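**Q** Got a structure for you, questions after.
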Amino acid sequence: MDRRFFLAATSLATLFTNAGHAPAAAGSPPVDRLLFPSDNQFWYETLRAIGAGEYGGSSFGEVLATANSIQAGDVDSWYAAWNATADRVAEEASRQLARGHRVSARDGLLRAATYYQCSDFFLHGSPHDARVLRAYKRSVECYGQAARMHEPAIEPVEIPYGTGTLPGYFHSAGRPGGRPTLILHTGFDGSAEEMHVFGARAAVERGYNVLAFDGPGQYGPLHRDGLVFRPDWENVVGPVVDFALTRPDVDPKRLALMGISLGGLLAPRAAAYEKRLAALIANDGVYDFSATFKANVPPEKLEGFLSGLKADQAPAIDQMLVQQMKTSTTFRWAYEHGMWSTGAASPRAFLAKMLDYNLRNGVAEAITCPTLVCEAEADLFFKQQPQQLYDHLTCRKTLIRFTTAEGAGAHCQVGANRLAFARIFDWLDETLG
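Numbered by mature numbering (1 follows the signal peptide of the UniProt record, and there is no 0), the letters in the sequence shown go through residues -24 to -1, 1 to 409 in order.
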């Protein structure tokens, strides 16, 4: 059996090495790499920070200056640079607030929140590291201060969930009566705070309320309560819908759900069972998470590989995954964060858990509300998955492809936020009426 596992793991290594170090689409990277030409993940996270600036979450000059001081592949250097920028921007915002310059302070605090969240991104192999704990605390503090200075104020909320709560924010449209409302959540590694620039403010500009929240495995619940991901996301979204419908400013007939990144699988899973939703957006769509690591395993070796993931022992696969972590920033980060956010004891156990994250066996077909599936041409993580989801849908459906030529080819269109959300919310406007 070990030989079968080893052969499958060797095939897997080929897939992962290509994903970690080659352009996501041959000859067509999502956008020319201004920095970190040899490190996809460092560049993608830098582009993500740049894109946050379209809704006030960063300054291009600050991002560029920070990134220029980082050594590619050095996660400690990454932390030190982003933390220093975050501290400097937050301290200036505090001085501005003390002198009564509320707009300047608000803007600085919003940027600092982004930079603190950037800082610990690659440190999640040691989630109790003081740097990780401080980055989370300061990001949430800075965002909370900035939120209170918006008009109308962005309201922090605690959504009843099980015996505890899920953290979130209610962004009011600031208009009378029940308004169309978007429930918004991130995916594998984002936060409710980051949703400010990933859809919330774009929605408010168009007259929508937004209820942004973190579910189990995501930023707040993972840090605060150690809650890890669960595949039955309908049991997460259901309580959030319950909470939204307690508010008189929410129109119960115009309630939509959008999931970002891995949320492009989680949100459709929820919508298959949660029938109070009037519309669904999967940005970008995902049908089967495990396809990302099964695609290049030869069919005759796949059964052995999958058995190895679930086996009590599979040393050849374990060795291969550890080797990938040593040679690829992407997979070191993915496995370390994945183990923490799913409660897995090893990279192999993490991959085994993720086998349950799919919309197979009629789940996608059970979605009945109008659905928008987004696809990024040069997606680094889930290439071809949006089309698979779209093909399995039997509801009213739309597929929007974002291209490299227009600067929107990266995963979740990072770096082209306004272009992307214009199309997404045009669709939602026309769908909800």
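In this text, a Cβ means the ideal position worked out from N, Cα and C, and glycines have one as well. In this text, all values refer to a predicted model and were calculated from it rather than measured experimentally.
Roughly how far, in whole angstroms, is the beta-carbon of Y145 from the beta-carbon of A123, given that I think they are within contact range, below 8 Å?
**A** Counting from 1 along the sequence shown, the entry for residue 145 is found at position 169. Counting from 1 along the sequence shown, the entry for residue 123 is found at position 147. Y145 to A123, Cβ: 6 Å. Contact.
**Q** Can you name the residues that DSSP bridges to C350?
**A** Taking the sequence shown and counting its residues from 1, one reaches residue 350 at position 374. For C350, which the question treats as bridged, DSSP gives the partners N259 and I376.
**Q** According to the neighbour-count rule (16 or more other Cβ atoms, all chains shown, within 10 Å of its Cβ), is P192 buried or exposed?
**A** As a working mapping, residue 192 is identified with position 216 in the sequence shown. It is buried - the Cβ of P192 has at least 16 other Cβ atoms within 10 Å.
**Q** Just to confirm my understanding: we take Q17, look at its own chain, exclude 5 residues before and 5 after, and list those with CB closer than 7 Å. What are they?
**A** Within the sequence shown, the letter at position 41 stands for residue 17. T305, T306 and W309, listed in sequence order.
**Q** Please classify V39: is it buried, with 16 or more other beta-carbons within 10 angstroms of its beta-carbon, or exposed?
**A** Your numbering for residue 39 matches position 63 in the sequence shown. Buried.
**Q** Taking the alpha helix (DSSP H) that H100 falls in, what are its first and last residues?
**A** Here residue 100 is taken as the residue at index 124 of the sequence shown, counted from 1. Careful: H100 lies outside any alpha helix (DSSP H) and carries neither H nor E.
**Q** Kindly list the residues whose CB is nearer than 6 Å to the CB of R377, restricted to its own chain and excluding five residues on each side of it in sequence; keep chain order.
**A** Residue 377 sits at position 401 when you count from the first residue of the sequence shown. Answer for R377: E351, listed in chain order.
**Q** Should L238 and I159 be called a contact, given that it needs their Cβ atoms to be closer than 8 Å?
**A** To locate residue 238, count along the sequence shown from 1; it is residue 262. To locate residue 159, count along the sequence shown from 1; it is residue 183. Not closer than 8 Å, so no.
**Q** Go through the stretch 224 to 279 residue by residue and report every complete run of the alpha helix (DSSP H) that reaches 4 residues or more, in order.
**A** Runs of the alpha helix (DSSP H) inside the stretch 224 to 279: 239 to 249 and 267 to 270.
**Q** Name the two residues that bound the continuous alpha helix (DSSP H) containing L408.
**A** Reading the sequence shown from its first residue, position 432 is the one you call residue 408. Unbroken alpha helix (DSSP H) run through L408: N393 to L408.
**Q** Closest to P152 by C-alpha separation, out of D208, T318 and R223, would be which residue?
**A** Reading the sequence shown from its first residue, position 176 is the one you call residue 152. Measuring from the Cα of P152, the nearest candidate turns out to be R223.
**Q** In terms of alpha-carbon separation, which member of T370, F397, E353 and T407 lies closest to A381?
**A** Here residue 381 is taken as the residue at index 405 of the sequence shown, counted from 1. That would be E353, whose Cα lies nearest to the Cα of A381.
**Q** Just to confirm before moving on: does the CB-CB distance between D260 and P346 stay below 8 Å?
**A** In the sequence shown, counting from the first residue as 1, residue 260 sits at position 284. In the sequence shown, counting from the first residue as 1, residue 346 sits at position 370. Against a cut-off of 8 Å, the Cβ pair of P346 and D260 comes out as no contact.
**Q** Which term fits G338, buried or exposed, when burial requires 16 or more other beta carbons within 10 angstroms of its beta carbon?
**A** To locate residue 338, count along the sequence shown from 1; it is residue 362. Counting Cβ neighbours within 10 Å, G338 comes out exposed, since fewer than 16 surround it.
**Q** Within 10 angstroms of its Cβ, does D83 collect 16 or more other Cβ (buried), or is it exposed?
**A** The count along the sequence shown starts at 1 and reaches residue 83 at position 107. So D83 ends up on the buried side.
**Q** Since I believe D190 is in contact with L242 (beta carbons under 8 Å), could you give me their beta-carbon distance rounded to a whole number of angstroms?
**A** Your numbering for residue 242 matches position 266 in the sequence shown. Your numbering for residue 190 matches position 214 in the sequence shown. The Cβ separation is near 12 Å, so there is no contact.
**Q** Drop a sphere of 10 angstroms on the beta-carbon of P274, count the other beta-carbons inside from all chains shown, and report buried for 16 or more, exposed for fewer.
**A** For the purposes of this step, residue 274 is taken as residue 298 along the sequence shown, with counting starting at 1. So P274 counts as exposed.
**Q** Would you kindly work out how many angstroms separate the C-alpha atoms of L297 and I236, rounded to a whole number?
**A** Here residue 297 refers to the residue found at position 321 when the sequence shown is read from its first residue. Here residue 236 refers to the residue found at position 260 when the sequence shown is read from its first residue. Each residue's Cα considered, the two are about 27 Å apart.
**Q** Since T344 and K251 should fall inside the 8 Å C-beta cutoff, what is the C-beta to C-beta distance between them, to a whole number of angstroms?
**A** Taking the first residue of the sequence shown as 1, we reach residue 344 at position 368. Taking the first residue of the sequence shown as 1, we reach residue 251 at position 275. Right, their Cβ atoms sit about 7 Å apart.
**Q** Would you mind sorting R278 into buried or exposed? The rule is 16 or more other CB atoms within 10 Å of its CB.
**A** As a first step, residue 278 is located in the sequence shown; it is residue number 302 there, counting from the start. Residue identity differs from the one stated: residue 278 is Leu in this sequence, not Arg. Label assigned to L278: exposed.
**Q** Please list the terminal residues of the continuous alpha helix (DSSP H) segment that includes P362.
**A** Locating residue 362 in the sequence shown gives position 386, where the first residue counts as 1. Start and end: Q361 to H368.
**Q** Which residues share a DSSP beta bridge with I159?
**A** Here residue 159 corresponds to residue number 183 of the sequence shown, with the count starting at 1. Note: I159 sits in a beta bridge opposite L187 and L233.
**Q** Tell me the residue span of the beta strand (DSSP E) that contains T141.
**A** Numbered from its first residue, the sequence shown carries residue 141 at position 165. G140 to H147 is the span of the beta strand (DSSP E), which, as asked, contains T141.
**Q** Round the Cβ separation of L85 and A66 to the nearest angstrom and send it over; I've been treating them as touching at under 8 Å.
**A** Sequence index remark: in the sequence shown, residue 85 carries index 109 (1-based). Sequence index remark: in the sequence shown, residue 66 carries index 90 (1-based). Indeed they touch by this definition, with Cβ atoms about 7 Å apart.
**Q** With a CB to CB cut of under 6 Å and the five nearest residues on each side skipped, what residues in its chain are close to residue 417?
**A** Residue 417 lies beyond the range of the chain shown here (-24 to 409); nothing can be said about it.
**Q** Less than 8 Å between the CB atoms is what I'm expecting for V173 and A28, so what's the real figure, rounded?
**A** The sequence position of residue 173 within the sequence shown is 197, counting from 1. The sequence position of residue 28 within the sequence shown is 52, counting from 1. V173 to A28, Cβ: 4 Å. Contact.
**Q** Which class does P136 belong to by DSSP, given the choice of helix, strand or coil?
**A** The sequence position of residue 136 within the sequence shown is 160, counting from 1. If DSSP states are grouped into helix, strand and coil, P136 belongs with the strands.
**Q** What separation, rounded to the nearest whole angstrom, lies between the Cα atoms of A149 and N185?
**A** Numbered from its first residue, the sequence shown carries residue 149 at position 173. Numbered from its first residue, the sequence shown carries residue 185 at position 209. Approximately 5 Å, taken between the alpha carbons.
**Q** Based on the DSSP secondary-structure assignment, which residues constitute the bridge partners of E131?
**A** The residue you call residue 131 lines up with position 155 of the sequence shown. DSSP output for E131 lists F146 as bridge partner(s).
**Q** How is N337 classed by DSSP in three states: helix, strand or coil?
**A** As a position in the sequence shown, residue 337 is number 361, starting the count at 1. Reduced to three states, the DSSP call for N337 is coil.
**Q** Within the continuous alpha helix (DSSP H) that includes F307, where are the two ends?
**A** Translated into the one-based positions of the sequence shown, residue 307 becomes position 331. Segment T305 to T318, the alpha helix (DSSP H) holding F307.
**Q** State the DSSP-derived secondary structure class of A60, mapped to helix, strand or coil.
**A** As a position in the sequence shown, residue 60 is number 84, starting the count at 1. Reduced to three states, the DSSP call for A60 is helix.
**Q** Where does S4 land, buried or exposed, given buried means 16+ other C-beta within 10 angstroms?
**A** Sequence index remark: in the sequence shown, residue 4 carries index 28 (1-based). Model confidence at S4 stands at a pLDDT of 45, short of 50, so the residue's coordinates are unreliable; what they give is reported in the following sentence. Looking at its Cβ environment, which holds fewer than 16 other Cβ atoms inside 10 Å, S4 is exposed.
**Q** Could you give the residue range of the alpha helix (DSSP H) that holds W209?
**A** Within the sequence shown, numbered from 1, the residue matching residue 209 stands at position 233. From DSSP, W209 is part of no alpha helix (DSSP H); its letter is neither H nor E.
**Q** Going by C-alpha to C-alpha distance, which of R24, Y55, G33 and G409 sits closest to K229?
**A** For the purposes of this step, residue 229 is taken as residue 253 along the sequence shown, with counting starting at 1. Ranking the options by Cα distance to K229, first place goes to G409.
**Q** Where does Q295 fall in DSSP's three states?
**A** Counting from one through the sequence shown, the residue named residue 295 turns up at place 319. Here Q295 sits in helix by DSSP.
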